[in-house]
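Trainee: Respectively, the protein sequence lines represent chains A and B.
Under my numbering, read the first sequence as residues 1 to 415, first letter to last.
Under my numbering, read the second sequence as residues 416 to 830, first letter to last.
Positions of the beta carbon are idealized from the N, C-alpha and C atoms, including for glycine.
Number of protein chains: 2
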Amino acid sequence: MTWLDVPRTHPFGIQTLPYGSFTTPDGPVPRVGVAIGDDVLDLTAAAATLLPEQAGLFAAGGLDPLLAAGPPVWAAVRAAVTEWLTEPRHRAAVEPLIVPASEVSLLLPFTVADYVDFYSSEHHAANVGRIFRPGSDPLPPNWKHQPLGYHGRAGTVVVSGTPVVRPAGQRRTADGEVVFGPSTRLDIEAEIAYVVGVPSTPGRPVALGEFADHVFGVCLLNDWSARDIQAWEYTPLGPFLGKSFGTSVSPWVVPLAALEHAWVAPPPRDPRPLPYLDDTGRTDGLDLAMEVRLGGHPIAQPPGAGMYWTPAQQLAHLTSGGAPLRTGDVYASGTVSGPEPGQRGSLLELTWNGAEPLTLPGGETRAFLEDGDEVVISGSAPGPGGTRVGFGEVRGRILPTPQTSDQEGPEQLRP
Amino acid sequence: MTWLDVPRTHPFGIQTLPYGSFTTPDGPVPRVGVAIGDDVLDLTAAAATLLPEQAGLFAAGGLDPLLAAGPPVWAAVRAAVTEWLTEPRHRAAVEPLIVPASEVSLLLPFTVADYVDFYSSEHHAANVGRIFRPGSDPLPPNWKHQPLGYHGRAGTVVVSGTPVVRPAGQRRTADGEVVFGPSTRLDIEAEIAYVVGVPSTPGRPVALGEFADHVFGVCLLNDWSARDIQAWEYTPLGPFLGKSFGTSVSPWVVPLAALEHAWVAPPPRDPRPLPYLDDTGRTDGLDLAMEVRLGGHPIAQPPGAGMYWTPAQQLAHLTSGGAPLRTGDVYASGTVSGPEPGQRGSLLELTWNGAEPLTLPGGETRAFLEDGDEVVISGSAPGPGGTRVGFGEVRGRILPTPQTSDQEGPEQLRP
């Protein structure tokens, strides 16, 4: 138990201790923080006096050096923070280094190296297949053989709270005309993101059992998607501009050490995966329960448990051809959707491509996102002793496309 | 004319002055260099005494600070280097700072931020269509409306000379079996890469006319491709592991200032591009003549002139949805193929998917790359006064897939 006044039911109780990067109005220089209850421990300041041998990891105010430091250091830092917050003898030194969470601004906590997005929910992939290829097999023929994925744009990964500007782009209208303008089908994708700490060696695949040697922690991710831009561009090279105008991540990275009680068996697979993906006997599924709210109203509860491909399999596949990992690599699960309609992690599925709009309290309906809409995705996983390990939230509000000359017609460009 | 003994016909004459990063056996700390003839000027050392107001740009030994500095600084540095190498009064100071190129090791010259690969040669795209979709329209329906592209893996971009390890991966055999093992169809793609210097503002597209405000220079790129892995994985999310085991770039970045004589009109387009891509009246095509050699034997001469989509259009498209540019972003043309069989920039096309193997001097044949094969891509563009602006070369040799337990069968994994 911590000496702070944090209820056992708090998602950011002592069982969680996620890491982030923050500033305050009085302290504009970024610092590393650890969330505890409704407060934030200034780890940069605390380490300077209480953990001097590791203080250098936190001096720059972001998580990059900690991520690179590896499992023994991760364990030592977590043990130290746990001790500071639980043993009363540390209270006098630590309490002055605690800031109310309401007073901090949270930053993108680490430098994103490469960003990969997978497609690992069978329910999501099958829903997409049923919507776009009715009458044929809902899953692509390769889907059950490998965790399909693609590289996204690392430079458009932003922290929760960053406004998302509705992208302009090319789309093909129902009558076959190709036009350029603000996306008319702006969507979300509720996903789980894995943050790589320790690099791997080029040419050396990372086996399933080596997941925890490389991955530092987990956060939530909203892969904002412009369905109209995506639909017109994605054959044959995959998603590009339809998904590279903003990808939001939650500001708190929950370390794997907080998730010991959250691993579950993955669903049965048929066919049996090839040896490098065969996790028979392992429990590599993450039981992360998510909630999606639109304008404050809950619209979906996507379940991380039940994902067909696990994060360990995603990592093994990603590195199977020899691609090395770098500190700050992020890979995401793909949209998390469960078998029930209320468990779908995208509006595409929740509204069945707009055919069945959601009705919000007050009577407004939504097929896709309107300007001004705010989406919040939160999540938690089982912790020790019946507690929940919180992931906080990833939040974003849609801003209208700015007017630029690019969206004017040829007449305006050539007077 | 430079006071060095450099013939006017030298591709690295005074008209070129490309930038790179190098070490020497005596000087293992990276320095910025400028190629001149068969030598390299140590710009880090030269700037310290001769250009002190800009010396900080070169102190770290890589190009990142120079890239970020922007066009006025790029012009000032190039003018200074040109003056040092042409005016005899500088000879005494500069000559001691010149190292024979044969004595330097060239490094990846800048930090790659995001890497995007386009698909902008109509001849290449049509050849691919004819090979894989005979009887149907060779180009996808979106191809003439936008420069198609996808994000590649920035962490696997390597400098020329780095060995390329044949990747293992999943493929589907001719009889439909899915197996994992070393790629059996390893290929090259001869491409032109554009290196972004100046960031752009999120949400603010970069117009065609702003290309030179952001792009610093150009290099050669070999997008090594495992066709069997790619063919099995790429529907519907595009190329992933089939192209993320190694992407080689040439070590010398040729600044745009050296390419004033190299721009040509692009081919006629039908349909006329949308306004943000409409370059009527502009001459944004790059007349970069490439040569591909396999085992020392020339196998193709891909022409950069004639690419359907120009680098200015690629940049306008990439940013059209608001994605910001970062210093070190690289985007590549896609395979450069011309209309003639000898102008095709991939083995896929040169051997028509292996059906028409190349015969090398000595009688060996090649459908795809064998272990030990070395591929060298070189290039040059028109310079002032009938000179050629050289791009040097991008070189790589194929190493065999290392043996790992991942490639053993299930019997070995479960004794």
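Between which residues of its own chain and Y331/A is the CB-CB distance below 8 Å, once the five residues before and five after are set aside?
Mentor: If we look at Y331/A and ignore the five residues flanking it on each side, its Cβ neighbours are Y115, V116, D117, F118, G149, A193, Y194, V196, P311, Q314, L315, L318.
Trainee: Just verifying my parser: in three-state terms, what is the DSSP assignment at D213/A?
Mentor: Reduced to three states, the DSSP call for D213/A is helix.
Trainee: For T599/B, which residues in chain A fall below 7 Å Cβ to Cβ?
Mentor: Those within 7 Å of T599/B in chain A number zero; the least Cβ separation is about 14 Å.
Trainee: Hey, V178/A and R185/A are a contact pair by Cβ (cut 8 Å); roughly how many whole angstroms apart?
Mentor: Not a contact, Cβ separation roughly 15 Å.
Trainee: Give the DSSP bridge partners of V606/B, in chain order.
Mentor: The sequence shown places Glu at residue 606/B, not Val. Paired residue(s): L636/B.
Trainee: For N557/B, decide whether its Cβ has a neighbour in chain A, counting only Cβ atoms nearer than 8 Å.
Mentor: Yes, contact with chain A.
Trainee: When the Cα atoms are used, what is the spatial distance from A174/A to T2/A?
Mentor: Straight-line Cα distance between these residues: approximately 59 Å.
Trainee: Please state whether DSSP places S105/A in a helix, a strand or coil.
Mentor: In the structure shown, S105/A sits in a strand (DSSP, three-state: E or B).
Trainee: Which stretch, first to last residue, makes up the alpha helix (DSSP H) that contains H538/B?
Mentor: Segment 537-547, the alpha helix (DSSP H) holding H538/B.
Trainee: If A715/B sits next to G757/B, beta carbons under 8 Å apart, how far is it from one beta carbon to the other, in whole angstroms?
Mentor: Confirmed, Cβ separation roughly 6 Å.
Trainee: Taking only beta-carbon positions, decide if E189/A is within less than 8 Å of chain B.
Mentor: Output row for E189/A: interface = no.
Trainee: Under three-state DSSP, which class holds E764/B?
Mentor: DSSP places E764/B in helix when its eight states are reduced to three.
Trainee: Quick one: is T173/A near chain B, going by C-beta distance under 8 Å?
Mentor: No, its Cβ sits nowhere closer than 8 Å to a Cβ of chain B.
Trainee: Terminal residues of the continuous beta strand (DSSP E) containing V330/A?
Mentor: Element bounds for V330/A: 330-332.
Trainee: With a threshold of 8 Å between beta-carbons, can Q818/B be considered close to chain A, or not?
Mentor: Taking Cβ atoms only, chain A never reaches closer than 8 Å to Q818/B, which makes this a no.
Trainee: Between the alpha carbons of G417/A and P239/A, how many angstroms are there, rounded?
Mentor: Summary: the structure shown does not reach residue 417/A, with chain A confined to residues 1 through 415, and so no result is reported for it.
Trainee: Please confirm whether H124/A has its beta-carbon closer than 8 Å to some beta-carbon of chain B.
Mentor: It does not: the Cβ of H124/A has no partner Cβ on chain B nearer than 8 Å.
Trainee: DSSP beta-bridge partners for Y150/A?
Mentor: Per DSSP, D117/A.
Trainee: Does the Cβ-Cβ distance between L762/B and I603/B come in under 8 Å?
Mentor: A contact, by the Cβ cut-off of 8 Å.
Trainee: Leaving out the 5 sequence neighbours to the left and right, which residues in its chain are closer than 6 Å to L814/B when beta-carbon positions are compared?
Mentor: Same-chain partners within the cutoff: P578, V580.
Trainee: Who are the Cβ neighbours of G322/A in its own chain at under 8 Å, not counting the five residues just before and after it?
Mentor: If we look at G322/A and ignore the five residues flanking it on each side, its Cβ neighbours are P202, G203, R204, P205.
Trainee: Buried or exposed, going by whether 16 or more other CB atoms sit within 10 Å of the CB of G246/A?
Mentor: Buried, because 16 or more other Cβ atoms sit within 10 Å of the Cβ of G246/A.
Trainee: Give the DSSP-derived three-state secondary structure of T780/B in the structure shown.
Mentor: In the structure shown, T780/B sits in a strand (DSSP, three-state: E or B).
Trainee: What is the DSSP secondary structure of P382/A, reduced to helix, strand or coil?
Mentor: Residue state, collapsed to three classes: strand.
Trainee: Could you pull out every residue in the same chain whose Cβ sits closer than 7 Å to the Cβ of T359/A, ignoring the five residues on either side in sequence?
Mentor: Cβ neighbours of T359/A beyond the five flanking positions: T365.
Trainee: In terms of alpha-carbon separation, which member of P754/B, P555/B, H629/B, E518/B lies closest to G442/B?
Mentor: If we check each option's Cα against that of G442/B, E518/B comes out closest.
Trainee: Are G306/A and G338/A close, meaning C-beta to C-beta below 8 Å?
Mentor: Against a cut-off of 8 Å, the Cβ pair of G338/A and G306/A comes out as a contact.
Trainee: Check each candidate in P18/A, P236/A, Q230/A and name the one with the smallest Cα separation from G544/B.
Mentor: Out of P18/A, P236/A, Q230/A, P236/A has the C-alpha closest to the C-alpha of G544/B.
Trainee: Which residue comes first and which comes last in the beta strand (DSSP E) that contains E291/A?
Mentor: That run of the beta strand (DSSP E) goes 289-294.
Trainee: In three-state terms, what does DSSP make of A226/A?
Mentor: Reduced to three states, the DSSP call for A226/A is strand.
Trainee: Measuring CB atoms only, is the segment 471-482 of chain B touching the segment 428-441 of chain B, in the sense that at least three cross pairs come out at less than 8 Å?
Mentor: Touching, per the Cβ criterion.
Trainee: Quick check: the Cα distance between T439/B and S663/B, rounded to an integer number of angstroms?
Mentor: Rounded to whole angstroms, T439/B to S663/B spans 21 Å at the Cα level.
Trainee: Would you say L67/A faces chain B, with C-beta separation under 8 Å as the test?
Mentor: It does not; no Cβ of chain B falls within 8 Å.
Trainee: Return yes when the Cβ of D454/B is within less than 8 Å of the Cβ of A541/B, no when it is not.
Mentor: Taking 8 Å as the Cβ cut-off, A541/B and D454/B do not qualify as a contacting pair.
Trainee: Would the beta-carbon of V751/B fall within 8 Å of that of P776/B?
Mentor: Not a contact, by the Cβ cut-off of 8 Å.
Trainee: Using a Cβ-Cβ cut-off of 8 Å, state whether R741/B counts as contacting chain A.
Mentor: Yes, contact with chain A.
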